[in-house]
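Residue numbers (my numbering), protein chains in the order written: chain A, 6 to 367; chain B, 6 to 367.
A virtual CB, placed ideally from N, CA and C, is assigned to each residue, including glycine.
Number of protein chains: 2
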Amino acid sequence: MRKIFQLYFAFFLLFNCGELIPNPDDNAQNIKREEPKIERTNDFAIVIHGGAGTIKKENMSAEKEAEYKAKLEEAIRVGHAILKNGGSSLDAVEKTINIMEDSPLFNAGKGAVFTNAGTNELDASIMDGKTLNSGASAGTKTVKNPINLARRIMDDSPHVMMAGDGADSYAKEQGLEIVSPEYFFTEGRLKSLERAKDREKVEMDHDDNQKAAFYDADIKDSKYGTVGCVALDKSGNLAAGTSTGGMTNKRFGRVGDTPIIGAGTYANNATCAVSGTGWGEYFIRGTVAYDISAMMEYKGSTLEEASVEVIQKKLTNLGGTGGIIAVDKNGNMMMEFNTAGMYRATMDDKGELNIEIYSKKQ
Amino acid sequence: MRKIFQLYFAFFLLFNCGELIPNPDDNAQNIKREEPKIERTNDFAIVIHGGAGTIKKENMSAEKEAEYKAKLEEAIRVGHAILKNGGSSLDAVEKTINIMEDSPLFNAGKGAVFTNAGTNELDASIMDGKTLNSGASAGTKTVKNPINLARRIMDDSPHVMMAGDGADSYAKEQGLEIVSPEYFFTEGRLKSLERAKDREKVEMDHDDNQKAAFYDADIKDSKYGTVGCVALDKSGNLAAGTSTGGMTNKRFGRVGDTPIIGAGTYANNATCAVSGTGWGEYFIRGTVAYDISAMMEYKGSTLEEASVEVIQKKLTNLGGTGGIIAVDKNGNMMMEFNTAGMYRATMDDKGELNIEIYSKKQ
Numbered sequence: 006m007r008k009i010f011q012l013y014f015a016f017f018l019l020f021n022c023g024e025l026i027p028n029p030d031d032n033a034q035n036i037k038r039e040e041p042k043i044e045r046t047n048d049f050a051i052v053i054h055g056g057a058g059t060i061k062k063e064n065m066s067a068e069k070e071a072e073y074k075a076k077l078e079e080a081i082r083v084g085h086a087i088l089k090n091g092g093s094s095l096d097a098v099e100k101t102i103n104i105m106e107d108s109p110l111f112n113a114g115k116g117a118v119f120t121n122a123g124t125n126e127l128d129a130s131i132m133d134g135k136t137l138n139s140g141a142s143a144g145t146k147t148v149k150n151p152i153n154l155a156r157r158i159m160d161d162s163p164h165v166m167m168a169g170d171g172a173d174s175y176a177k178e179q180g181l182e183i184v185s186p187e188y189f190f191t192e193g194r195l196k197s198l199e200r201a202k203d204r205e206k207v208e209m210d211h212d213d214n215q216k217a218a219f220y221d222a223d224i225k226d227s228k229y230g231t232v233g234c235v236a237l238d239k240s241g242n243l244a245a246g247t248s249t250g251g252m253t254n255k256r257f258g259r260v261g262d263t264p265i266i267g268a269g270t271y272a273n274n275a276t277c278a279v280s281g282t283g284w285g286e287y288f289i290r291g292t293v294a295y296d297i298s299a300m301m302e303y304k305g306s307t308l309e310e311a312s313v314e315v316i317q318k319k320l321t322n323l324g325g326t327g328g329i330i331a332v333d334k335n336g337n338m339m340m341e342f343n344t345a346g347m348y349r350a351t352m353d354d355k356g357e358l359n360i361e362i363y364s365k366k367q
Numbered sequence: 006m007r008k009i010f011q012l013y014f015a016f017f018l019l020f021n022c023g024e025l026i027p028n029p030d031d032n033a034q035n036i037k038r039e040e041p042k043i044e045r046t047n048d049f050a051i052v053i054h055g056g057a058g059t060i061k062k063e064n065m066s067a068e069k070e071a072e073y074k075a076k077l078e079e080a081i082r083v084g085h086a087i088l089k090n091g092g093s094s095l096d097a098v099e100k101t102i103n104i105m106e107d108s109p110l111f112n113a114g115k116g117a118v119f120t121n122a123g124t125n126e127l128d129a130s131i132m133d134g135k136t137l138n139s140g141a142s143a144g145t146k147t148v149k150n151p152i153n154l155a156r157r158i159m160d161d162s163p164h165v166m167m168a169g170d171g172a173d174s175y176a177k178e179q180g181l182e183i184v185s186p187e188y189f190f191t192e193g194r195l196k197s198l199e200r201a202k203d204r205e206k207v208e209m210d211h212d213d214n215q216k217a218a219f220y221d222a223d224i225k226d227s228k229y230g231t232v233g234c235v236a237l238d239k240s241g242n243l244a245a246g247t248s249t250g251g252m253t254n255k256r257f258g259r260v261g262d263t264p265i266i267g268a269g270t271y272a273n274n275a276t277c278a279v280s281g282t283g284w285g286e287y288f289i290r291g292t293v294a295y296d297i298s299a300m301m302e303y304k305g306s307t308l309e310e311a312s313v314e315v316i317q318k319k320l321t322n323l324g325g326t327g328g329i330i331a332v333d334k335n336g337n338m339m340m341e342f343n344t345a346g347m348y349r350a351t352m353d354d355k356g357e358l359n360i361e362i363y364s365k366k367q
């Protein structure tokens with residue numbers, strides 16, 4: 006009999022069920038154990054990105070680097086102040102993105118890249134983690150701040166997504182700030198388009214107009230350019246937003262992942278808020294933003310585990326490049342990417358600011 | 006010492022780790038146990054839908070019912086023959102959807118509903134479960150069969166999604182069949198638009214142009230109308246496709262769930278293929294099609310469990326209505342919806358055909 010007990014005991018240890026053994030004292034006295042309280046890492050928190058791509062230290066001047074960092078800081082401080090004062094994560098996301106949209110440094114709003122037709126067509130989306138309500142616009146040409154249009158579509162229309170001229174009309178009807186298409190023209194982006202077209206001519210016999218992006222880091226970055234923000238507010242509400250000027254030299258009304266809820270943007274109070282930046286086609290195929298949330302909800306992954314798995318394994322195996330920023334319901338923050346760099350910053354409830362550009366592997 | 010063993014043994018049983026105990030004989034002889042073989046329910050299978058909505062038996066004439074059933078049968082038999090002959094699930098999905106697109110009975114292709122501007126703007130998407138490649142088009146006005154354009158975008162372009170005039174241009178450049186916008190005009194759909202507009206005038210003081218859809222079952226159905234197909238082929242490859250004429254009286258370039266990968270369409274050989282039909286805004290917010298796949302992948306749910314959970318709980322709690330058709334990698338088929346009816350059919354590898362229209366609760 007003792008031998009059998011020893012055998013079971015051995016298997017017991019083998020299967021490592023050790024943590025299931027209750028304290029005999031607790032058991033004897035029938036003391037009800039309290040559920041372990043999950044401590045929020047941060048009461049509120051905000052993370053932003055300004056695009057991921059071939060951002061290499063060797064190609065960046067000290068002035069340019071300082072300029073990017075200053076703008077990232079300006080943007081994140083706007084959202085942080087809103088959160089600190091008890092404002093909503095949605096407001097923090099919208100106002101923070103506005104700063105980046107208004108800066109020609111990033112491929113969103115002013116500074117948007119040019120399409121093949123020499124126009125600027127902008128996309129944006131926003132999602133409310135409390136209600137799962139969301140708004141998205143694709144291919145607008147006259148809306149100064151596309152993230153505001155996305156917010157308006159979410160709040161005041163029965164729809165989630167509007168595209169093209171119709172979206173511009175709605176913005177006008179709603180009294181959002183309308184600008185002439187020239188507002189978006191910037192010298193730098195026009196040169197990128199010219200270079201992309203020149204490259205295309207050279208590459209014509211390869212019949213692959215995408216290749217230009219792979220030879221010219223600047224074009225490649227333009228292709229990837231996006232701005233985004235995720236935030237957790239003091240009420241525990243999560244929000245995510247993303248805004249972009251799309252892809253240099255794009256044709257045929259191509260739509261990337263930015264205005265696609267679940268691909269480029271996702272927020273759910275039960276899990277996390279995510280904004281992506283990268284090669285949009287792969288983010289759509291991988292349903293990247295929602296995938297991180299689903300892995301947390303269904304598999305019990307932490308935000309870090311889910312972000313690393315989705316970006317470093319699933320997206321990478323698919324052949325996709327880019328990154329995400331995310332914050333979970335407990336205020337844990339993540340910035341995960343598989344490119345050389347990603348313009349990014351975090352700011353927690355203690356006001357600790359962290360701004361980075363390059364991959365730590367560089 | 007023996008007492009301690011007894012204590013551990015008691016806890017061991019208490020925590021029901023019984024199933025972890027290996028058979029001592031197996032252990033002694035080091036016999037490797039075989040993994041249980043998962044039998045495929047069907048070697049190949051196909052499921053279609055022609056839209057979900059307020060489809061009530063009391064409002065349907067015997068002729069109309071026969072007409073719908075005949076067209077559903079014609080469509081599914083096309084795809085079934087392809088699968089039976091060893092063809093790909095992608096071909097089966099595309100050709101089956103073509104039959105429904107070409108029929109004025111369904112809100113896709115010919116028979117598409119009218120926008121507020123009196124135009125027909127069509128959406129479609131397709132996904133390959135083997136590669137996770139996908140294609141989608143939104144708001145085209147001249148492409149006879151939008152599902153063919155979605156397939157071409159997937160197969161021959163570097164993009165996943167194209168919208169508006171750009172998508173029409175790509176279709177023309179690629180030599181797909183182009184028709185004049187009048188091709189899509191049908192008397193019945195024009196009347197639906199007129200009724201929706203009349204209702205809108207009446208409802209004007211409520212400032213909610215969506216209400217028309219809730220009072221007029223015919224308009225409501227037009228709103229929901231979509232066609233879709235999912236298939237598993239003999240090689241084990243899954244595919245899903247969806248095509249729609251959108252929403253009656255739609256404005257502002259509204260985009261629904263049909264061209265959104267993850268919302269209206271999803272396929273992954275590791276899990277399942279799904280096509281949705283319903284109130285698109287809710288399908289986007291719920292990332293419905295991918296959610297079913299994610300629940301299977303991360304939670305180990307069966308296709309049935311995941312479909313019921315997503316449609317009857319998650320979508321319903323969100324306030325959304327509609328349904329999905331799905332097939333998993335083992336050939337299990339599902340048709341789940343929370344509306345009065347859904348035009349639908351299944352056909353398995355034995356050639357057993359099942360066509361239904363109404364909910365079993367009617």
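Exercise. Helix, strand or coil: which one does DSSP assign to Lys149(A)?
Worked result: Residue 149(A) sits at position 144 when you count from the first residue of the first sequence. Of the three classes helix, strand and coil, the one that applies to Lys149(A) here is coil, per DSSP.
Exercise. Can you tell me the Cα-Cα spacing of Lys202(B) and Glu178(A), whole angstroms?
Worked result: Translated into positions along the second sequence, residue 202(B) becomes position 197. Translated into positions along the first sequence, residue 178(A) becomes position 173. Taking the straight line from one Cα to the other gives about 19 Å.
Problem set entry | Chain-ordered neighbours of Leu77(A) on chain B, where CB pairs are closer than 8 Å | If you number the first sequence from 1, residue 77(A) lands on position 72. Those do not exist, as Leu77(A) stays about 29 Å from chain B at its closest Cβ, beyond 8 Å.
For this session: Just tell me which of Arg290(A), Asn322(A) and Ile329(A) has its CA closest to the CA of Leu308(A).
Result: Position 303 of the first sequence holds residue 308(A). Minimum Cα distance to Leu308(A) is reached at Ile329(A).
Exercise. Sorry if obvious, but does the Cβ on Glu68(B) come closer than 7 Å to a heavy atom of the ligand SAM?
Worked result: For the structure depicted, the ligand SAM is absent and the ligand set is empty, with no information on it obtainable.
Exercise. According to DSSP, is Asp133(A) helix, strand or coil?
Worked result: As a first step, residue 133(A) is located in the first sequence; it is residue number 128 there, counting from the start. Of the three classes helix, strand and coil, the one that applies to Asp133(A) here is strand, per DSSP.
For this session: Classify Lys256(A) as helix, strand or coil using the three-state DSSP reduction.
Result: Looking up residue 256(A) in the first sequence gives position 251. Going by the sequence as given, residue 256(A) is Arg instead of Lys. Look at Arg256(A) here: in three-state DSSP terms it is coil, with no helix or strand label.
Problem set entry | Cβ-based burial, Gly291(B) [other Cβ within 10 Å; buried from 16] | Walking along the second sequence from the start, residue 291(B) turns up at place 286. It is buried - the Cβ of Gly291(B) has at least 16 other Cβ atoms within 10 Å.
Exercise. Considering Thr101(B), what are the terminal residues of the alpha helix (DSSP H) in which it resides?
Worked result: Taking the second sequence and counting its residues from 1, the one referred to as residue 101(B) is at position 96. In the DSSP assignment, Thr101(B) falls within the unbroken alpha helix (DSSP H) covering Ser94 to Glu106.
Exercise. Are Asp128(B) and Thr263(B) close, meaning C-beta to C-beta below 8 Å?
Worked result: Working through the second sequence from its first residue, we reach residue 128(B) at position 123. Working through the second sequence from its first residue, we reach residue 263(B) at position 258. In contact: Asp128(B) and Thr263(B) (Cβ atoms closer than 8 Å).
Exercise. Just the Cα atoms here: how many angstroms apart are Thr351(A) and Asn274(B)?
Worked result: Sequence index remark: in the first sequence, residue 351(A) carries index 346 (1-based). Sequence index remark: in the second sequence, residue 274(B) carries index 269 (1-based). C-alpha separation (whole angstroms): 37 Å.
Exercise. So, is Glu286(A) buried or exposed, given that buried needs 16 or more other C-beta atoms within 10 angstroms?
Worked result: The residue you call residue 286(A) lines up with position 281 of the first sequence. Flag for Glu286(A) reads buried.
Exercise. Around the C-beta of Glu99(B), are 16 or more other C-beta atoms found within 10 angstroms, so that it is buried, or is it exposed?
Worked result: Residue numbering aside, residue 99(B) sits at position 94 when the second sequence is read from its first letter. Only buried fits Glu99(B), as 16 or more other CB atoms lie within 10 angstroms of its CB.
Exercise. Is the number of C-beta pairs between the segment 161–168 of chain B and the segment 293–311 of chain B that are closer than 8 Å three or more?
Worked result: no
Exercise. Can you list the beta strand (DSSP E) stretches of 3 or more residues lying completely in the segment 251–328 of chain A, in chain order?
Worked result: Counting only runs of 3+ residues, the beta strand (DSSP E) found wholly inside the segment 251–328 of chain A occupies 270–272 and 277–283, in chain order.
For this session: Let me know if Lys149(B) comes out buried or exposed under the rule of 16 or more other beta-carbons within 10 Å of its beta-carbon.
Result: Here the question's residue 149(B) lines up with position 144 in the second sequence. Residue environment analysis places Lys149(B) among the buried positions, since at least 16 neighbouring C-beta atoms fall within 10 angstroms of its C-beta.
Exercise. Apart from the five residues on each side of it in sequence, which residues of its chain come closer than 6 Å, Cβ to Cβ, to Lys76(A)?
Worked result: Within the first sequence, residue 76(A) is the residue found at index 71, counting from 1. Cβ within range, chain order: Ser108 and Leu110.
Problem set entry | Three-state secondary structure (DSSP) of Phe342(A) | What you label residue 342(A) is simply residue 337 of the first sequence in a count that begins at 1. Looking at Phe342(A) - three-state DSSP - the assignment turns out to be strand.
For this session: Could you check how far apart the C-beta atoms of Ser174(A) and Ala155(A) are, in whole angstroms? I think they sit under 8 Å.
Result: Locating residue 174(A) in the first sequence gives position 169, counting from the first residue. Locating residue 155(A) in the first sequence gives position 150, counting from the first residue. That pair is no contact at about 15 Å.
Exercise. For the segment 149–169 of chain A, which residues have a beta carbon sitting closer than 7 Å to at least one beta carbon of chain B?
Worked result: Pro163, His164, Val165, Met166, Met167, Ala168 and Gly169
For this session: For Ser369(B), decide whether its Cβ has a neighbour in chain A, counting only Cβ atoms nearer than 8 Å.
Result: This structure gives no information on residue 369(B), because the portion of chain B shown stretches from 6 to 367.
For this session: State the DSSP-derived secondary structure class of Arg45(A), mapped to helix, strand or coil.
Result: If you number the first sequence from 1, residue 45(A) lands on position 40. Arg45(A) falls in the coil class under three-state DSSP.
For this session: Output, in sequence order along the chain, the residues in the segment 261–294 of chain B whose CB is closer than 8 Å to any CB in chain A.
Result: Gly261, Ile265, Ile266, Gly267, Ala268, Tyr271, Gly285, Glu286, Ile289, Arg290, Gly291 and Thr292
For this session: Using a cut-off of 8 Å between C-beta atoms, extract the partners of Lys304(A) located in chain B.
Result: Residue 304(A) sits at position 299 when you count from the first residue of the first sequence. Those within 8 Å of Lys304(A) in chain B are Tyr303 and Lys304.
Exercise. Which residue from Gly269(A), Glu70(A), Val260(A) and Cys234(A) puts its Cα closest to that of Thr101(A)?
Worked result: By one-based count along the first sequence, residue 101(A) stands at place 96. When only C-alpha atoms are compared, the closest one is Cys234(A).
Problem set entry | Given 8 Å, three or more beta-carbon pairs between the segment 83–100 of chain A and the segment 112–123 of chain A | no
Problem set entry | Distance, Gly261(A) Cα to Phe49(B) Cα | The sequence position of residue 49(B) within the second sequence is 44, counting from 1. The sequence position of residue 261(A) within the first sequence is 256, counting from 1. Each residue's Cα considered, the two are about 33 Å apart.
For this session: With a cut-off of 8 Å on the beta carbons, I'd call Ala245(B) and Met132(B) a contact; round off their distance for me.
Result: As a working mapping, residue 245(B) is identified with position 240 in the second sequence. As a working mapping, residue 132(B) is identified with position 127 in the second sequence. With a Cβ gap of about 5 Å, Ala245(B) and Met132(B) count as contacting.
For this session: Answer with yes or no whether the minimum CB distance from Gly5(A) to chain B is below 8 Å.
Result: The requested residue 5(A) does not occur in the structure, where chain A is confined to residues 6 to 367.
Exercise. What does Ser174(A) reach in chain B if we use C-beta pairs closer than 9 Å?
Worked result: For the purposes of this step, residue 174(A) is taken as residue 169 along the first sequence, with counting starting at 1. Contact of Ser174(A) with chain B by beta-carbon distance below 9 Å involves Arg256, Phe257 and Gly258.
Problem set entry | Contact set for Glu182(B): own chain, Cβ-Cβ below 7 Å, skip 5 residues either direction | Against the second sequence, residue 182(B) aligns to sequence position 177. Lys149 and Asn150.
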